[in-house]
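**Student:** So for the sequence shown, the UniProt record's numbering puts the first residue at 1; every next one is plus one. Input: one structure, supplied below.
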Amino acid sequence: MVSYKQASKHSAHNLNNSTFNTPTKAANPKISKLNKTQVKMAEEEKEKGMKIDEIHGMFNIVMTKLEKLDMIEERIKSVEEDMKGVKHSTEFAHTEIKEIKEEQKGMRANKKTDRENRGRKRCIMQ
Numbered sequence: 001m002v003s004y005k006q007a008s009k010h011s012a013h014n015l016n017n018s019t020f021n022t023p024t025k026a027a028n029p030k031i032s033k034l035n036k037t038q039v040k041m042a043e044e045e046k047e048k049g050m051k052i053d054e055i056h057g058m059f060n061i062v063m064t065k066l067e068k069l070d071m072i073e074e075r076i077k078s079v080e081e082d083m084k085g086v087k088h089s090t091e092f093a094h095t096e097i098k099e100i101k102e103e104q105k106g107m108r109a110n111k112k113t114d115r116e117n118r119g120r121k122r123c124i125m126q
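What follows is the structure in structure tokens.
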């Protein structure tokens with residue numbers, strides 16, 4: 001009952017597994033297991049150690065720079081506080097100077113009135 005156009009299952013299986021369809025190169029597994037020697041592993045550990053040492057050195061440099069920046073920031077804050085103190089003292093000095101000037105103006109006015117009064121007394125007495 002096999003028709004002329006259909007081949008048997010066995011022959012189809014043989015055609016699929018023929019030498020023309022099989023790869024000549026061995027397929028690499030997806031997960032390759034690395035067989036490293038102890039020398040290679042030691043070298044890699046040294047490289048990692050060197051990288052860690054470099055990172056540690058850079059970290060130390062950054063920390064010293066940050067400490068310097070903190071010191072600079074503290075100095076700037078102290079200078080700002082000193083400037084505020086100087087500003088306050090100059091404002092106080094200016095107010096004192098204004099008060100002294102006003103007192104002197106009042107004294108001058110009193111002197112003028114005293115002179116005028118003396119002059120009037122002299123005129124009256126004569």
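A virtual CB, placed ideally from N, CA and C, is assigned to each residue, including glycine.
#1: What's the gap between the Cα of Thr-95 and the Cα of Met-58?
#2: Whose C-beta lies closer than 7 Å to the C-beta of Lys-101 among residues of the same chain, with five residues either side of it excluded?
#3: Check for me: the alpha helix (DSSP H) holding Thr-95 runs from which residue to which?
#4: Do you know offhand how far Lys-77's Cα is from Lys-46's?
#5: At the 9 Å Cβ level, is Lys-121 part of the contact set with chain C, yes or no?
**Tutor:** In brief:
#1: Locating residue 95 in the sequence shown gives position 95, counting from the first residue. Locating residue 58 in the sequence shown gives position 58, counting from the first residue. Cα-Cα distance, rounded: 55 Å.
#2: Residue 101 sits at position 101 when you count from the first residue of the sequence shown. Cβ within range, chain order: n/a, list empty.
#3: Taking the sequence shown and counting its residues from 1, one reaches residue 95 at position 95. That run of the alpha helix (DSSP H) goes 38 to 125.
#4: As a first step, residue 77 must be located in the sequence shown, where it is residue number 77. As a first step, residue 46 must be located in the sequence shown, where it is residue number 46. Near 46 Å, if we compare the C-alpha coordinates of Lys-46 and Lys-77.
#5: Considering every chain present, this structure includes no chain C. It has just one protein chain.
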